[in-house]
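Report on the structure given below.
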Amino acid sequence: VSTGPETLELPIPEVQDRFSRIAATAIVITALVGAMVGFLQARASRSGALANIRAQRSMVEAMGGVLEVEGGAATDFTTFAATELQRQAAASTFQRRLFLSGEEGLLARMEEERHTEIAERLQQLSPLTPEAPQGPERDPVFPFRFFVEREHEADRLWALADAANEEDAAWERQEAGFTAVLTLLAVAATMLGLSLTVRERVRVVLAAVGVALLATGAGVGAWLGTHPPHPAPDQAAEAFADGRVALKLAVTPEDYRAAYDHFTQAIELRPTFALAFVNRSEAAFYTGAARTTGFSSHTSPEALAASIADLEEALDLGLETRLVFGNLGFYRFLQGLQSSDPSVLEEAVDYTAAAVELDPTDPILRYNHAAALLADGRIEESRAAYREGVLHAVYSDVERRVKRESGLDIQAASGALTDLELIRAAQPDLADVILELKQYVVASTTLQEPTAPPGTSPPASEVQVRPFPAQLVWESPLEGYDSAEHLAWVQWYRREPTGWAGISEVSGVTPIGGSAGAYFGNDYVIQRTFPPECVRDGEYRVEVYLDGHLVAEGEAGATFGEQEATVLRDLNVVLCGPPEWEPREVVAGVVEGAVAPGGDEGMYALRLESAPEITQGWNAARARAVVEALLETYADQFPGRPVFSEDVGDDFFMGLEGPEEFYFRYQGGLVYAGVGLAEDGSVIVGAVFGPDERFDDGLLQVVDSLNLFEAL
Amino acid sequence: MLPPVSAPDTDRPSSRFRTLVALAMALVSVLSAVVAWRAAVVSIRASDLAEDGMLQLVQREQIEGRLRAQVQEDLRLFVEYQEHVKAWRLLLDDAEEIRAQHPDLASDLQAEAQSELSQARALRPFFRTIFVDLGNRKGDVEFGGQAGLEYLFERNADLQDLQPDVLFDGSEREYGRVVNLILTVALLLTALLFLTLAQFRSPSTRGIFAWAGGAVAVAGTVLFVVLGFVS
């Protein structure tokens with residue numbers, strides 16, 4: 001009995017030994033690989049920690065840097081304001097001096113000189129000047145450019161923080177990879193160890209699995225070790241910040257193209273820069289947009305595709321924000337309408353729903369979701385979504401207790417009407433539903449509660465549309481209109497290649513002028529757009545709603561050629577003139593204008609502080625005397641000395657009181673001069689001049705465009 | 713003494729059984745490694761979300777602070793503006809009051825009033841948030857600071873897109889998943905223990921351990937499928 005085991009053990013130990021040696025060696029190799037992977041994991045952990053510290057440091061530096069930059073900007077701005085106050089005081093004294101003589105005149109001159117000298121000294125303390133690109137003479141939306149340019153550093157620092165954060169995450173992912181490899185190796189060691197404890201052929205299976213896991217772990221570990229994350233170059237943040245500034249200041253498609261190029265550079269330097277993709281998407285959209293300021297719902301199919309591609313890239317990179325979902329949803333909606341592809345509209349519904357989920361209080365997102373549902377044929381769901389949109393437009397909080405004061409409800413409603421117009425253009429069979437929904441949105445926004453238009457509709461009326469260079473005007477008898485009973489909503493549209501696009505800036509609840517049988521509305525595009533815009537060539541349409549009932553709609557074309565808005569901030573005057581005209585300051589705060597480079601045509605505005613000597617007993621003769629005196633005083637600013645020619649009448653001039661208009665003549669040209677009294681009692685004169693033939697070809701448009709910048 | 717005849721017969725099923733159990737052990741081991749890796753990935757995602765949330769929170773505070781400061785700047789300017797507008801109206805009223813008896817003095821007051829008005833007008837371009845007019849007949853101007861701030865908050869696309877709370881919620885959710893995935897790993901390791909016992913225990917009990925191991929492994933696998941890929 002005792003020899004039995006010996007005879008059995010003789011051949012087996014040899015086999016077992018060979019197998020055991022191999023298995024034991026494999027276990028040792030597994031341990032060795034594990035140690036190396038452990039080292040790599042520790043390295044990844046250290047690098048991740050360092051990146052995390054960099055991210056936090058960048059965040060703190062960004063906070064501090066932003067405070068410093070903004071503090072400095074505020075100081076420069078305040079100093080410049082003090083400078084301008086002194087300049088204004090000097091200008092005011094100068095005007096007073098015009099009517100004084102003797103000792104009083106001498107005192108006024110000395111006072112003017114004092115203010116001027118103080119202004120000069122203060123100006124030395126601020127880099128901001130009136131004629132700087134960021135100054136009030138060159139920036140029509142002063143001080144927007146000044147502050148946006150100062151935001152560059154903040155954007156750069158945030159981009160650096162974002163890059164460090166991303167690098168930290170990449171190291172963490174690598175660390176996780178190593179953890180997985182270590183787990184695999186542990187399992188491999190277990191399998192190999194287990195294979196030593198059994199005799200049957202199963203040990204071969206266990207050993208084979210162990211070796212396979214070892215090989216896999218070693219391979220993955222080697223791949224991870226040779227592919228560490230790389231920090232993004234700082235230039236990517238610089239290019240991103242450049243793009244942000246360019247995007248915020250962009251007005252023309254070329255400006256948007258420049259912003260697009262900056263973001264492209266940032267992406268090339270850091271291909272995983274999700275925020276750069278989102279910003280480039282916006283720039284891409286506007287490179288093809290028919291309207292590049294304010295809100296636009298229209299762009300070329302190419303620009304739309306590029307925008308969508310960038311947003312999808314951002315989404316793939318993990319940026320799941322309301323902006324990404326919201327824009328992707330809206331762009332898919334536009335694309336779905338252009339292509340009539342139901343699957344694209346389905347995507348639009350899903351994306352807009354995701355955006356609404358992220359921000360349930362934003363009425364624009366809700367209206368976009370409702371529009372996507374409608375375009376997708378889900379009419380009842382769309383009606384419900386519009387109801388939700390209206391509620392969130394009227395109230396700013398989720399509980400719907402606090403009403404909005406910011407005007408977002410009106411802007412959102414105008415956008416909603418644009419979406420509905422787009423659907424109507426693409427799916428004419430929905431016209432009845434669209435009219436119902438438009439009236440619902442308008443009635444609810446006008447009356448500040450979700451409601452269909454109440455009562456019976458007043459009868460439909462004819463409406464005449466009259467575009468002017470700086471304003472859109474409509475005239476209608478508006479039968480049944482009662483100012484005590486009805487609230488009016490005027491909605492303006494401009495025809496874009498894909499349909500009518502609402503002009504939200506001049507749309508909304510508005511007072512109506514005129515009297516029974518002859519009502520009208522003046523909507524000054526130049527006053528309400530940012531930056532100020534003139535009326536562009538194209539077709540315009542107006543819809544007039546009374547308590548939400550659509551009672552009048554009409555269209556007309558505008559052909560003014562290329563014109564550009566000029567804002568004379570000190571004088572509170574705006575005009576639309578040829579793009580080549582340049583701002584000119586003759587006497588700051590008194591005489592300023594815009595003149596062609598050759599000086600042969602242009603416009604001057606003059607403002608005189610109210611003086612009883614001038615304004616008391618204001619009439620045509622007094623008005624003519626003032627204009628003659630001023631033109632005589634500044635005759636050297638015109639191509640020739642203006643001499644009175646003709647009294648045009650007293651119809652309307654810039655909405656001023658006591659308007660009077662005259663023609664003056666100089667050799668080879670004309671001066672149109674209008675004058676009137678502003679609400680604050682000051683006298684405002686506008687003088688447009690140029691060769692006779694130009695008055696038949698453009699200069700009268702400039703006269704029509706003259707207006708107060710703010711209705712003061 | 714010869715060995716029992718039946719001995720080889722009981723060993724054959726035992727060999728198959730052990731092979732199957734060994735294969736199950738290998739599978740469960742690999743699966744637990746995958747689950748552990750998945751837990752690590754989810755944990756990192758949770759950590760990423762928390763870090764992004766923190767970045768957004770700081771960024772949001774910075775933007776909100778900047779916009780509030782902008783309105784405060786307007787308020788400081790508004791005080792000066794209101795002084796000038798009020799002085800303009802009061803001086804005009806005074807001028808009208810004495811014009812009949814003292815016309816020259818009235819003219820001086822009116823000139824002074826104009827000077828105040830021009831100072832007020834010079835301040836207007838420097839308001840960045842609110843729109844200011846000349847107020848009512850008494851020269852009282854409304855300061856729409858709250859509406860202005862609401863306007864700034866609603867129109868700031870950067871601010872609108874910063875939702876740190878959403879990210880923090882997401883992070884919390886992901887951390888919850890990590891806990892559940894680790895629980896799954898524990899289940900799979902329990903299954904492994906049962907299978908190991910099945911491998912070494914006597915024929916009378918190994919079947920029970922094998923079944924228990926299999927059942928726990930299946931439960932762990934189901935739990936992983938539910939937790940591991942559903943966010």
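Line by line, the protein sequences give chains A and B.
Okay, so the first sequence: first residue is 1 according to my numbering, each after it adds one.
Okay, so the second sequence: first residue is 713 according to my numbering, each after it adds one.
A virtual CB, placed ideally from N, CA and C, is assigned to each residue, including glycine.
All values derive from a computational prediction rather than experimental measurement.
Quick check on residue 438 of chain A: does DSSP put it in helix, strand or coil? Walking along the first sequence from the start, residue 438 of chain A turns up at place 438. Correct three-state label for residue 438 of chain A: helix.
For a contact meaning CB atoms closer than 8 Å, what does residue 778 of chain B contact in chain A? Position 66 of the second sequence, counted from the first residue, corresponds to residue 778 of chain B. Simply 66 and 70.
Three-state secondary structure assigned by DSSP to residue 906 of chain B: The count along the second sequence starts at 1 and reaches residue 906 of chain B at position 194. Of the three classes helix, strand and coil, the one that applies to residue 906 of chain B here is helix, per DSSP.
Tell me, please, which residues DSSP counts as bridged to residue 684 of chain A. Here residue 684 of chain A refers to the residue found at position 684 when the first sequence is read from its first residue. BP columns for residue 684 of chain A point to A/607 and A/676.
Compare the C-beta of residue 30 of chain A with all C-beta atoms of chain B and state if any pair is closer than 8 Å. Indexing the first sequence from 1 puts residue 30 of chain A at position 30. No, residue 30 of chain A lies away from the interface with chain B (no Cβ there is under 8 Å from its Cβ).
Expressed to the nearest angstrom, what Euclidean distance is found between the alpha-carbon atoms of residue 454 of chain A and residue 442 of chain A? Counting from one through the first sequence, the residue named residue 454 of chain A turns up at place 454. Counting from one through the first sequence, the residue named residue 442 of chain A turns up at place 442. About 12 Å.
Determine whether the Cβ of residue 913 of chain B lies closer than 8 Å to any Cβ atom of chain A. In the second sequence, the residue the question calls residue 913 of chain B occupies position 201. No, no contact with chain A.
Of all the options A/337, A/425, A/329 and A/361, which has the alpha carbon lying nearest to the alpha carbon of residue 348 of chain A? Taking the first sequence and counting its residues from 1, the one referred to as residue 348 of chain A is at position 348. Minimum Cα distance to residue 348 of chain A is reached at A/329.
Within chain A, the residues that residue 756 of chain B reaches when beta carbons sit closer than 8 Å: Here residue 756 of chain B is taken as the residue at index 44 of the second sequence, counted from 1. What residue 756 of chain B touches in chain A: 169, 172, 173, 175 and 176.
Give the secondary structure of residue 649 of chain A by DSSP, where H, G and I count as helix, E and B as strand, and everything else as coil. In the first sequence, residue 649 of chain A corresponds to position 649, counting from 1. Strand.
Residues near residue 67 of chain A by beta carbon distance below 8 Å, same chain, minus five either side: The residue given as residue 67 of chain A occupies position 67 in the first sequence. Same-chain partners within the cutoff: there are none.
Along chain B, in chain order, which residues have C-beta atoms closer than 7 Å to that of residue 158 of chain A? The count along the first sequence starts at 1 and reaches residue 158 of chain A at position 158. Ordered by position in chain B, the residues that pass the 7 Å Cβ test against residue 158 of chain A are 771.
Between residue 843 of chain B and the rest of its own chain, which residues show a CB-CB distance below 8 Å, the 5 nearest in sequence each way excluded? Along the second sequence, read from residue 1 onward, the residue named residue 843 of chain B stands at position 131. 856, listed in sequence order.
Alpha carbon to alpha carbon, how far is residue 875 of chain B from residue 166 of chain A? Give it in angstroms, no decimals. Reading the first sequence from its first residue, position 166 is the one you call residue 166 of chain A. Reading the second sequence from its first residue, position 163 is the one you call residue 875 of chain B. So the alpha carbons of these two residues sit roughly 18 Å apart.
Are the beta-carbon atoms of residue 630 of chain A and residue 657 of chain A separated by less than 8 Å? Sequence index remark: in the first sequence, residue 630 of chain A carries index 630 (1-based). Sequence index remark: in the first sequence, residue 657 of chain A carries index 657 (1-based). Contact flag unset, no.
Is there a C-beta anywhere in chain B that falls below 8 Å from the one on residue 406 of chain A? Stepping through the first sequence from its first residue, residue 406 of chain A is reached at position 406. Yes, residue 406 of chain A counts as interfacial toward chain B.
Just to check my reading of the structure: residue 263 of chain A and residue 240 of chain A have Cβ atoms closer than 8 Å, yes? What is that Cβ distance to the nearest angstrom? One-based indexing of the first sequence puts residue 263 of chain A at position 263. One-based indexing of the first sequence puts residue 240 of chain A at position 240. Sure, about 7 Å apart at Cβ, within 8 Å.
Proximity below 8 Å, CB of residue 450 of chain A to CB of residue 398 of chain A: Working through the first sequence from its first residue, we reach residue 450 of chain A at position 450. Working through the first sequence from its first residue, we reach residue 398 of chain A at position 398. Contact: no.
Sheet register partners of residue 474 of chain A (DSSP bridge): Along the first sequence, one-based indexing puts residue 474 of chain A at 474. Note: residue 474 of chain A sits in a beta bridge opposite A/465 and A/521.
Return the chain-ordered list of same chain residues with a C-beta closer than 7 Å to the C-beta of residue 418 of chain A, the five sequence neighbours on each side being excluded. In the first sequence, the residue the question calls residue 418 of chain A occupies position 418. Excluding sequence neighbours, residue 418 of chain A sits near 297, 501 and 502.
Figure out for me which residue from A/567, A/703, A/221 and A/684 has the closest Cα to the Cα of residue 43 of chain A. What you label residue 43 of chain A is simply residue 43 of the first sequence in a count that begins at 1. Of A/567, A/703, A/221 and A/684, the residue nearest in Cα terms is A/221.
When you check each C-beta in the stretch 128-158 of chain A against every C-beta of chain C, which residues fall closer than 8 Å? The structure shown contains no chain C; its protein chains are A and B.
Near residue 123 of chain A, which residues of its chain fall below 7 Å by C-beta distance, leaving aside the five closest residues on each side in sequence? For this step, residue 123 of chain A is matched to residue 123 along the first sequence. So the qualifying residues of the chain are 83 and 129.
With a Cβ-Cβ cutoff of 8 Å, do residue 817 of chain B and residue 810 of chain B count as a contact? Taking the second sequence and counting its residues from 1, the one referred to as residue 817 of chain B is at position 105. Taking the second sequence and counting its residues from 1, the one referred to as residue 810 of chain B is at position 98. Yes.
Between the alpha carbons of residue 806 of chain B and residue 825 of chain B, how many angstroms are there, rounded? Translated into the one-based positions of the second sequence, residue 806 of chain B becomes position 94. Translated into the one-based positions of the second sequence, residue 825 of chain B becomes position 113. Answer to the nearest angstrom: the Cα atoms are 10 Å apart.
What is the DSSP secondary structure of residue 713 of chain A, reduced to helix, strand or coil? The structure shown does not extend to residue 713 of chain A, since chain A is modelled only from 1 through 712, so no value can be given for it.
I'd like to know whether the C-beta of residue 416 of chain A is nearer than 8 Å to at least one C-beta of chain B. Sequence index remark: in the first sequence, residue 416 of chain A carries index 416 (1-based). No, residue 416 of chain A does not count as interfacial toward chain B.
Can you give the beta carbon distance from residue 445 of chain A to residue 487 of chain A, rounded, assuming they're within the 8 Å contact cut? As a working note, residue 445 of chain A is residue 445 in the first sequence. As a working note, residue 487 of chain A is residue 487 in the first sequence. With a Cβ gap of about 10 Å, residue 445 of chain A and residue 487 of chain A do not count as contacting.
Assigned exposure category for residue 750 of chain B - 16 Cβ within 10 Å defines buried: For the purposes of this step, residue 750 of chain B is identified with residue 38 of the second sequence, where counting begins at 1. Residue 750 of chain B is buried by the Cβ-count criterion.
Of all the CB atoms in chain B, is at least one closer than 8 Å to the CB of residue 609 of chain A? As a working mapping, residue 609 of chain A is identified with position 609 in the first sequence. Answer yes: the Cβ-Cβ gap between residue 609 of chain A and chain B drops below 8 Å somewhere.
Does any CB atom of chain B fall closer than 8 Å to the CB of residue 714 of chain A? Nothing can be reported for residue 714 of chain A: it is not among the residues displayed for chain A, which extend from 1 to 712.
I'd like to confirm something about residue 233 of chain A: is its beta-carbon nearer than 7 Å to some heavy atom of the ligand ATP, or not? Summarising the ligand content, the structure contains no ligands, and the ligand ATP is consequently not present.
Buried/exposed call for residue 340 of chain A, threshold 16 Cβ in 10 Å: Indexing the first sequence from 1 puts residue 340 of chain A at position 340. It counts as exposed.
Range covered by the alpha helix (DSSP H) that runs through residue 146 of chain A: Position 146 of the first sequence, counting from 1, holds the residue named residue 146 of chain A. Residue 146 of chain A -> alpha helix (DSSP H) spans 144-150.
Where residue 582 of chain A falls: helix, strand or coil (DSSP): Taking the first residue of the first sequence as position 1, residue 582 of chain A is located at position 582. Note: residue 582 of chain A maps to strand in three-state DSSP.
Of all the CB atoms in chain A, is at least one closer than 8 Å to the CB of residue 720 of chain B? Sequence index remark: in the second sequence, residue 720 of chain B carries index 8 (1-based). Model confidence at residue 720 of chain B stands at a pLDDT of 44, short of 50, so the residue's coordinates are unreliable and nothing is read from them.
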